[in-house]
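The sequence shown maps to residues 945 to 1172 in this note's numbering.
Every residue, glycine too, gets a C-beta built ideally from N, C-alpha and C.
Just so you know, these numbers come straight off a predicted model, no measurement behind them.
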Amino acid sequence: MKYAIPLFNIPTIDVAGQSSSFPVHRIYCVGRNYAAHAREMGSDPKREPPCFFTKPGDSVVANGSQVPYPSATENLHHEVELVVAIGKDALNISADKAKGIIFGYAVGNDLTRRDLQAQAKKLAQPWDVAKGFDHSAPITAIHPVEKVGHLEKGEIWLKVNDDMRQHGHIEDMVWSIPEVIEALSKLFRLIPGDLIFTGTPAGVGALSPGDKVEGCVEGLDILKHTVV
Ligand code: MN
945 MKYAIPLFNI PTIDVAGQSS SFPVHRIYCV GRNYAAHARE MGSDPKREPP
995 CFFTKPGDSV VANGSQVPYP SATENLHHEV ELVVAIGKDA LNISADKAKG
1045 IIFGYAVGND LTRRDLQAQA KKLAQPWDVA KGFDHSAPIT AIHPVEKVGH
1095 LEKGEIWLKV NDDMRQHGHI EDMVWSIPEV IEALSKLFRL IPGDLIFTGT
1145 PAGVGALSPG DKVEGCVEGL DILKHTVV
């Protein structure tokens, strides 16, 4: 294939214990998937249909990297999340079959320009500039299901400069991972390379340049990055 412009790089994430990497296609995210976080954001955590938004695939940042403080915000927030990596095609898949398309799991930080998100909500505008900026998706290596099994319960936490800011349990998701996959696959054809950020527990807050961030989901790696 000849291209009219230089071809961009395909974004990739490491796979734990393998020399091969995971190419990233799309990044889907679930909003308000823990009741306590929905309440802290001023929403009613009753089971409304899951709320989805996206980030560009090339917003991923490898574990251990420095993350530049983004432009156009004075309120950058952390959101530690369990991330699902998709390994098979799926359209209209039912929740009882959904686990079969999961390649593995990782820990991600759904970095958010909270001031721009608040403005978008107020003006009934989309969230792209609040959520989908460059370097907005730091993520650990993916742990394949064949090694770690399916993650259904366990602690999820995030520390800033060694202070615990977020602490919850993945079993407290409003929509379970199979239910999220079922709902998403009615809207989009999922393909190998897609990632799903599954929502954040309570305790989101601001980050400043110089902050050291660590986040984890039990059974996976510790996500580490500094804000510069
Ligand atoms: Mn989030």
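Look up residue i in the DSSP assignment and give the residues it is bridged to.
| i | result |
| --- | --- |
| M945 | Answer by DSSP bridge pairing: none, since M945 is not bridged. |
| E1099 | H1113 |
| L1128 | The partner list for L1128 (beta bridge, DSSP) is empty, contrary to what the question assumes. |
| D958 | S965 |
| D1107 | V1104 |
| G975 | C995 |
| P1070 | Answer by DSSP bridge pairing: none, since P1070 is not bridged. |
| V1005 | P1082 |
| T1170 | Q1010, K1156 |
| A1150 | H1021 |
| L1134 | A1034 |
| H1087 | Y1049 |
| L1164 | Its beta-bridge partners do not exist; DSSP assigns none. |
| I1140 | Y972, V1028 |
Taking only heavy atoms of the ligand MN into account, decide whether any of them is closer than 7 Å to the Cβ of residue i.
| i | result |
| --- | --- |
| F1141 | yes |
| C995 | no |
| E1018 | no |
| G1112 | no |
| C973 | yes |
| V1054 | Reading off the sequence shown, one finds Asp at residue 1054, where the question assumed Val. For the ligand MN, at least one heavy atom lies less than 7 Å from the Cβ of D1054. |
| E905 | No information on residue 905 is available, as it lies outside the stretch 945 to 1172 that the chain covers here. |
| T1084 | no |
| T1144 | yes |
Which residues in the same chain have their Cβ closer than 7 Å to the Cβ of residue i, if we skip the five residues on either side of it in sequence?
| i | result |
| --- | --- |
| S1129 | A1034, L1035, N1036, I1037 |
| L1095 | L1026, Y1049, I1114, V1161, G1163 |
| Y978 | G1112, D1116, M1117, V1118, G1143, T1144, P1145, A1146 |
| P1012 | H1079, V1172 |
| S987 | R976 |
| G1031 | I1045, I1046, F1047, P1136 |
| R991 | V1118 |
| E1123 | A1039 |
| G961 | K1091 |
| V968 | P955, T956, I957, G1001, V1004, G1137, L1139 |
| A1074 | T1056, R1057, L1060, Q1061, A1064 |
| S1152 | V1171 |
Between residue i and the rest of its own chain, which residues show a CB-CB distance below 6 Å, the 5 nearest in sequence each way excluded?
| i | result |
| --- | --- |
| E984 | A1146 |
| R1058 | N1019, H1021 |
| R915 | Outside the shown range of the chain (945 to 1172) lies residue 915, about which nothing can therefore be said. |
| R1133 | L1035 |
| L951 | none |
At the 8 Å Cβ level, is residue i part of the contact set with chain C, yes or no?
| i | result |
| --- | --- |
| H1087 | Looking at the structure shown, chain C is missing, and only one protein chain is on hand. |
Can residue i be considered in contact with the ligand GTP, in the sense that its beta carbon sits closer than 7 Å to one or more heavy atoms?
| i | result |
| --- | --- |
| T998 | You won't find the ligand GTP in this model; what it holds is the ligand MN. |
With a CB to CB cut of under 8 Å and the five nearest residues on each side skipped, what residues in its chain are close to residue i?
| i | result |
| --- | --- |
| D1155 | V1104, N1105, T1170, V1171 |
| E1126 | I1037, S1038, A1039, A1042 |
| S1009 | P1082, H1169 |
| N1053 | H1022, E1023, V1024, E1025, A1081, P1082, I1083, L1102, V1157, G1159, L1167, H1169 |
| V974 | P994, C995, F996, W1119, V1124, I1140, F1141, T1142, G1143 |
3 or more residues per run - each beta strand (DSSP E) lying fully within the stretch 1018-1058: 1020-1022, 1024-1030, 1046-1053
At least three beta-carbon pairs within less than 8 Å, the stretch 1093-1109 to the stretch 1062-1069: no
Indicate whether the contact test is met: 3 or more Cβ pairs, each with one atom in the stretch 1002-1013 and one in the stretch 946-966, closer than 8 Å. yes
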